[in-house]
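Engineer: I'd like to ask some things about the structure below.
There are 2 protein chains.
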Amino acid sequence: MEVLSENRSFGGRQLVIRHPSTSTRCDMTFALFLPEGEGPFPVIWYLSGLTCSHANVMEKGEYRRIAAELGIAVVCPDTSPRGENIAGFDPSDWQLGQGAGFYVDATEPPYADNYQMYTYVTSELSELLFANYPLDAQRQSIFGHSMGGHGALICALKNPGRYRSCSAFAPIVQPSTADWSKRALGEYLGVEPASWRAWDTLALIEDGARIDELLVDQGDADSFLNDGLRPWLLADACREAGIDLTLRMQPGYDHSYFFISTFMEDHLRWHAERLS
Amino acid sequence: MEVLSENRSFGGRQLVIRHPSTSTRCDMTFALFLPEGEGPFPVIWYLSGLTCSHANVMEKGEYRRIAAELGIAVVCPDTSPRGENIAGFDPSDWQLGQGAGFYVDATEPPYADNYQMYTYVTSELSELLFANYPLDAQRQSIFGHSMGGHGALICALKNPGRYRSCSAFAPIVQPSTADWSKRALGEYLGVEPASWRAWDTLALIEDGARIDELLVDQGDADSFLNDGLRPWLLADACREAGIDLTLRMQPGYDHSYFFISTFMEDHLRWHAERLS
Chain A
274 MEVLSENRSF GGRQLVIRHP STSTRCDMTF ALFLPEGEGP FPVIWYLSGL TCSHANVMEK
334 GEYRRIAAEL GIAVVCPDTS PRGENIAGFD PSDWQLGQGA GFYVDATEPP YADNYQMYTY
394 VTSELSELLF ANYPLDAQRQ SIFGHSMGGH GALICALKNP GRYRSCSAFA PIVQPSTADW
454 SKRALGEYLG VEPASWRAWD TLALIEDGAR IDELLVDQGD ADSFLNDGLR PWLLADACRE
514 AGIDLTLRMQ PGYDHSYFFI STFMEDHLRW HAERLS
Chain B
274 MEVLSENRSF GGRQLVIRHP STSTRCDMTF ALFLPEGEGP FPVIWYLSGL TCSHANVMEK
334 GEYRRIAAEL GIAVVCPDTS PRGENIAGFD PSDWQLGQGA GFYVDATEPP YADNYQMYTY
394 VTSELSELLF ANYPLDAQRQ SIFGHSMGGH GALICALKNP GRYRSCSAFA PIVQPSTADW
454 SKRALGEYLG VEPASWRAWD TLALIEDGAR IDELLVDQGD ADSFLNDGLR PWLLADACRE
514 AGIDLTLRMQ PGYDHSYFFI STFMEDHLRW HAERLS
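Those protein sequences? They're chains A and B, same order as listed.
Going by this note's numbering, the residue at position 259 of the first sequence is 532; the numbering climbs one at a time, nothing skipped.
Going by this note's numbering, the residue at position 246 of the second sequence is 519; the numbering climbs one at a time, nothing skipped.
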């Protein structure tokens with residue numbers, strides 16, 4: 274592990290760390306905020322959206338003030354493997370490949386070699402963090418934005434009991450049918466949609482996966498609302514499954530970090546109540 | 274004027290606006306945050322540092338939450354004229370030319386044609402804003418970071434009574450002798466240092482300019498502390514001049530927006546008290 278940068282902020286430490294990853298077979302970079310003190314700290318995972326790295330939320334998410342106050346660590350992984358020798362190296366194609374890992378474990382060439390983001394986030398990075406930093410594995414929560422909201426939801430649904438709470442900003446709730454994710458799932462998982470069900474929030478719920486409750490904020494001026502996001506599908510599924518969903522439609526807000534930063538405090542306090 | 278983007282954030286509106294400028298003879302872009310409501314709002318000017326545009330503090334400064342709560346508008350100008358046909362178009366030279374206007378009015382070719390940032394900020398942009406937005410010209414304050422801290426200080430010292438208050442994060446307090454500013458002042462103002470005195474905080478104070486009080490935060494782990502910033506020179510000058518300086522050395526903090534965002538709330542509340 275190599276600490277690329279460390280900056281004091283709100284009394285804590287914002288770290289950026291690079292490490293060789295066995296699951297993605299390349300170097301991976303993540304951001305870790307540690308509040309002041311000795312720990313062990315509860316930890317909240319933030320999974321980012323399409324085109325993002327660890328840096329977007331670190332720079333624009335405005336989480337440090339509240340995390341510092343609450344004494345919570347925040348970890349922000351990258352959204353895919355990266356490198357010139359890794360498949361999907363086309364910055365103009367923002368819905369596939371680098372920056373678009375969709376938090377799945379790919380089975381198809383050429384992606385299967387590196388695109389193991391689910392294993393990376395839930396196993397490898399998790400083990401690395403708890404082994405090296407004063408974090409409390411019994412007090413974890415997870416949230417994310419857009420593709421990362423999808424990631425947070427599937428991580429929580431596939432690992433009952435691991436995360437005390439799960440929330441999302443404008444999540445992709447049914448990636449197997451959304452315009453901006455169908456193509457990537459086909460490339461990563463093959464053309465047979467049955468293999469996609471393990472990576473789709475609505476399919477997971479339909480197939481019996483459960484979490485107790487969910488907090489979702491969604492801007493009603495989000496240009497991806499009708500084609501990519503469709504939170505009403507999640508509302509229907511949660512109603513049928515008995516999952517206590519708080520879905521807040523936020524008037525005038527879009528898909529940007531101007532939206533996320535506005536409601537960051539609400540989400541962190543909501544998680545903190547469940548982590549205490 | 275062209276609104277390049279508008280994003281709802283913390284109940285208000287974050288605008289990015291481009292307009293043709295007569296003083297800099299090129300298009301200029303600035304950021305303007307308007308809180309919810311009708312106004313007229315008090316307005317705080319934030320001047321940015323070397324290499325920055327309007328966007329850095331807009332994305333990383335974390336000012337919107339507090340400005341929204343306090344009902345204050347925040348305007349963030351660019352740091353120089355810009356364009357391929359404008360002098361100083363060398364992204365590798367971060368201490369001269371584009372991104373490094375130093376808030377002076379240049380007198381020397383080739384910079385004099387466009388580098389009129391003092392007139393741009395204090396006259397042209399000011400008039401444009403008060404003519405077009407619900408802002409209260411009787412309630413203005415100014416602050417900034419590094420080169421922009423220098424900018425805020427000289428704007429306040431050169432315009433007694435215009436700004437109700439002035440503060441700075443890690444300001445360049447004596448640009449005429451600091452490593453990273455001497456060259457630019459020479460190129461913009463000529464080789465005769467006497468002509469630099471009107472653009473140098475310590476020289477202005479020495480020559481009789483006064484403000485009532487100042488708030489300055491400075492990280493003690495700032496790598497530019499000893500060569501570029503030297504806040505003790507400001508402390509000495511303020512003591513002799515009877516300017517009430519609150520200089521807070523912040524342990525462990527560096528020169529980055531991780532530092533600025535940490536103390537943004539303190540500065541905005543300090544200004545708000547003086548704007549009420």
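Beta carbons: idealized from backbone N, C-alpha and C, even for Gly.
Is it right to say residue 404 of chain B is buried, meaning 16 or more other beta carbons lie within 10 angstroms of its own, or is it exposed?
Structural biologist: exposed
Engineer: With a CB to CB cut of under 8 Å and the five nearest residues on each side skipped, what residues in its chain are close to residue 433 of chain B?
Structural biologist: Taken in chain order, the residues that qualify are 482, 483 and 484.
Engineer: Using a cut-off of 8 Å between C-beta atoms, extract the partners of residue 287 of chain B located in chain A.
Structural biologist: 531
Engineer: By the three-class DSSP mapping on this structure, what secondary structure does residue 323 of chain B have?
Structural biologist: coil
Engineer: I believe residue 301 of chain B touches residue 351 of chain B by the beta-carbon criterion, under 8 Å. Please report the beta-carbon distance rounded to the nearest angstrom.
Structural biologist: 6 Å
Engineer: Considering Cα atoms alone, identify which of B:408, B:377 and B:539 is closest to residue 473 of chain B.
Structural biologist: B:377
Engineer: Using the DSSP secondary-structure output, state which residues sit across from residue 300 of chain A in a beta bridge.
Structural biologist: Paired residue(s): A:293.
Engineer: Looking at chain B, is there any beta carbon in it that lies within less than 7 Å of the beta carbon of residue 553 of chain A?
Structural biologist: Missing from the structure shown is residue 553 of chain A; chain A here goes from 274 to 549 and no further.
Engineer: Note down, in chain order, all residues in the stretch 481-507 of chain B with a beta-carbon under 8 Å from any beta-carbon belonging to chain A.
Structural biologist: 492 and 494
Engineer: Buried or exposed for residue 335 of chain B, please, with buried defined as at least 16 other CB atoms from any protein chain shown within 10 angstroms of its CB.
Structural biologist: buried
Engineer: Between residue 283 of chain A and chain B, is the shortest Cβ-Cβ distance under 7 Å, so that the two count as touching?
Structural biologist: yes
Engineer: Evaluate the contact criterion for the stretch 305-324 of chain A versus the stretch 500-513 of chain A: three or more CB pairs, one atom per stretch, below 8 Å.
Structural biologist: Fewer than three beta-carbon pairs drawn from the stretch 305-324 of chain A and the stretch 500-513 of chain A are found closer than 8 Å, and the two stretches are therefore not classed as touching.
Engineer: Along chain A, which residues have their Cβ under 7 Å away from the Cβ of residue 280 of chain B?
Structural biologist: 527, 529 and 531
Engineer: So with Cβ pairs under 7 Å, would you call residue 535 of chain B a contact of chain A?
Structural biologist: yes
Engineer: Just to check my reading of the structure: residue 489 of chain B and residue 444 of chain B have Cβ atoms closer than 8 Å, yes? What is that Cβ distance to the nearest angstrom?
Structural biologist: Contact between residue 489 of chain B and residue 444 of chain B is confirmed by a C-beta separation of about 6 Å, below the 8 Å threshold.
Engineer: Tell me, please, which residues DSSP counts as bridged to residue 488 of chain A.
Structural biologist: According to DSSP, residue 488 of chain A bridges with A:440 and A:519.
Engineer: Just confirm the distance between the C-beta atoms of residue 528 of chain B and residue 492 of chain B, as a whole number of angstroms; I'd bet it's less than 8 Å.
Structural biologist: 7 Å between Cβ atoms; contact.
Engineer: Would you list, in sequence order, the uninterrupted alpha helix (DSSP H) runs of no fewer than 4 residues that lie entirely inside the stretch 467-511 of chain B?
Structural biologist: Counting only runs of 4 or more, we get 474-479.
Engineer: Measuring alpha carbon to alpha carbon, tell me which of B:346, B:515, B:345 and B:370 ends up nearest residue 357 of chain B.
Structural biologist: B:370
Engineer: Taking a cut of 8 Å between CB atoms, which residues from the stretch 326-343 of chain B lie near chain A?
Structural biologist: For the stretch 326-343 of chain B, the beta-carbon criterion of a distance under 8 Å to any beta-carbon of chain A is satisfied by 332, 333, 335, 337 and 338.
Engineer: Could you tell me the distance, in whole angstroms, from the CA atom of residue 515 of chain A to the CA atom of residue 401 of chain A?
Structural biologist: 35 Å
Engineer: Using only alpha-carbon positions, find the residue among A:319, A:307 and A:372 that is nearest to residue 544 of chain A.
Structural biologist: Nearest of A:319, A:307 and A:372 to residue 544 of chain A, Cα basis: A:319.
Engineer: Taking C-beta to C-beta, are residue 392 of chain B and residue 354 of chain B nearer than 7 Å?
Structural biologist: no
Engineer: First and last residue of the alpha helix (DSSP H) that includes residue 332 of chain B?
Structural biologist: 328-333
Engineer: Just grab the DSSP bridge partners of residue 349 of chain A for me.
Structural biologist: In the DSSP output, where bridge partners are listed per residue, residue 349 of chain A has A:304.
Engineer: Straight-line CA distance for residue 497 of chain A to residue 534 of chain A?
Structural biologist: 18 Å
Engineer: Using three-state DSSP, classify residue 275 of chain B as helix, strand or coil.
Structural biologist: strand
Engineer: Apart from the five residues on each side of it in sequence, which residues of its chain come closer than 7 Å, Cβ to Cβ, to residue 501 of chain B?
Structural biologist: 445, 451, 452 and 453
Engineer: For residue 413 of chain A, is the classification buried or exposed, using 16 other Cβ atoms within 10 angstroms of its Cβ as the cut-off for buried?
Structural biologist: buried
Engineer: Consult DSSP for residue 367 of chain B and reduce its assignment to one of helix, strand or coil.
Structural biologist: Three-state result, residue 367 of chain B: coil.
Engineer: Does the distance from the C-beta atom of residue 277 of chain A to that of residue 286 of chain A stay below 7 Å?
Structural biologist: no
Engineer: Kindly provide the ranges of any alpha helix (DSSP H) runs that are 4 or more residues long and lie completely inside the stretch 371-408 of chain B, ordered along the chain.
Structural biologist: 398-405
Engineer: According to DSSP, residue 280 of chain A sits in a beta bridge with which residue or residues?
Structural biologist: A:287
Engineer: Using alpha carbons as the reference points, say which of A:339, A:384 and A:380 lies closest to residue 360 of chain A.
Structural biologist: A:384
Engineer: Does the distance from the C-beta atom of residue 233 of chain B to that of residue 441 of chain B stay below 7 Å?
Structural biologist: There is no way to answer for residue 233 of chain B, as the model of chain B reaches only from 274 to 549.
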